[in-house]
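S.K.:
Residue numbers (the working numbering): 22 to 241.
See the structure below:
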């Protein structure tokens, strides 16, 4: 028996593993702007506690006690990241293709409740074009649709309004603690599907931590 009316992927990281590509894109942006910054995997894992590239740059600049134009740096990183995605093909994370086909078959609504840039979203679907289609989603969020970023619940509340559903009719999938908090603050039950840089976290408040997406997450 179907338990939910909608499955909400909370970020592009729940669809495809991009964390290390993003980390390398940040480092390339820093290099081009003559900043002597190198975000190692260990540093980046800590920085991922904060959602949004601009805020990560701002916080890091504060630690280094220097002033930078975080908006332009984030824009350059996004351009580098998107160029990589346009030139390379990536595969969806385990179970993503199957659950999307199942939801379409069972008429379960699909959402991508992301607060990243529209350019990032477009690039993700371009590099996954042989596997996923943006038209399969009934709602696709982006940075401009929420007044406050995650961990605030704004983007989830906006998604519920657009999908015309109540919180208890949906199940969310997130890949970080901060994004999990966003779903929880919108009163939406949330599973955590951690990526490589989040695998060791506890994820307080998660319904369950999963390593692969399967249909039992939306069935009784």
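Glycine included, each C-beta is placed from N, C-alpha and C at the ideal position.
#1: From residue 172 to residue 184, what distance separates their C-alpha atoms?
#2: Given a cut-off of 9 Å on the beta-carbon distance, is the pair residue 146 and residue 140 in contact?
#3: Are residue 16 and residue 136 close, meaning C-beta to C-beta below 9 Å?
#4: Quick check on DSSP: helix, strand or coil for residue 192?
#5: Going by DSSP, what residues sit across from residue 160 in a beta bridge?
#6: Helix or strand or just coil, what does DSSP make of residue 68?
#7: Out of 69, 236, 65, 240, point me to the one whose CA is closest to residue 48's CA.
#8: Checking 9 Å against the spacing of the C-beta atoms, do residue 194 and residue 115 come in under that value?
#9: How about residue 46 and residue 98: are their beta carbons less than 9 Å apart?
#10: With contact counted as at least three CB pairs below 8 Å, one residue from each stretch, are the region 30-40 and the region 216-226 in contact?
#11: Under a Cβ-count criterion, where at least 16 other Cβ atoms within 10 Å of its own Cβ denotes burial, should residue 109 be classed as buried or exposed?
#12: If I'm right that residue 68 touches residue 60 with Cβ under 8 Å, what's the distance once you round it to whole angstroms?
#13: Inspect the beta-carbon positions of residue 148 and residue 29 and report whether they are closer than 9 Å.
#14: Is residue 158 near residue 166, with beta carbons less than 9 Å apart?
M.R.: The relevant details are as follows:
#1: Numbered from its first residue, the chain shown carries residue 172 at position 151. Numbered from its first residue, the chain shown carries residue 184 at position 163. Between residue 172 and residue 184, the C-alpha separation is close to 21 Å.
#2: The residue you call residue 146 lines up with position 125 of the chain shown. The residue you call residue 140 lines up with position 119 of the chain shown. Not closer than 9 Å, so no.
#3: The question about residue 16 has no answer, for the chain in this structure spans 22 to 241.
#4: By one-based count along the chain shown, residue 192 stands at place 171. Residue 192: strand per DSSP, three-state reduction.
#5: One-based indexing of the chain shown puts residue 160 at position 139. Note: residue 160 sits in a beta bridge opposite 132.
#6: In the chain shown, the residue the question calls residue 68 occupies position 47. Here residue 68 sits in helix by DSSP.
#7: Looking up residue 48 in the chain shown gives position 27. The residue with the shortest Cα to Cα distance from residue 48 is 65.
#8: Within the chain shown, numbered from 1, the residue matching residue 194 stands at position 173. Within the chain shown, numbered from 1, the residue matching residue 115 stands at position 94. No; because the gap between Cβ atoms is not below 9 Å, this pair is not in contact.
#9: Taking the chain shown and counting its residues from 1, the one referred to as residue 46 is at position 25. Taking the chain shown and counting its residues from 1, the one referred to as residue 98 is at position 77. The answer is yes: Cβ separation under 9 Å.
#10: yes
#11: On the chain shown, position 88 is the one that residue 109 refers to. Residue 109 should be labelled exposed.
#12: Against the chain shown, residue 68 aligns to sequence position 47. Against the chain shown, residue 60 aligns to sequence position 39. Contact flag correct, Cβ pair sits at about 7 Å.
#13: Locating residue 148 in the chain shown gives position 127, counting from the first residue. Locating residue 29 in the chain shown gives position 8, counting from the first residue. It is not a contact, given that the beta carbons lie outside the stated cut-off.
#14: Numbered from 1 along the chain shown, position 137 holds the residue referred to as residue 158. Numbered from 1 along the chain shown, position 145 holds the residue referred to as residue 166. Their beta carbons are not under 9 Å apart, which means residue 158 does not touch residue 166 by this criterion.
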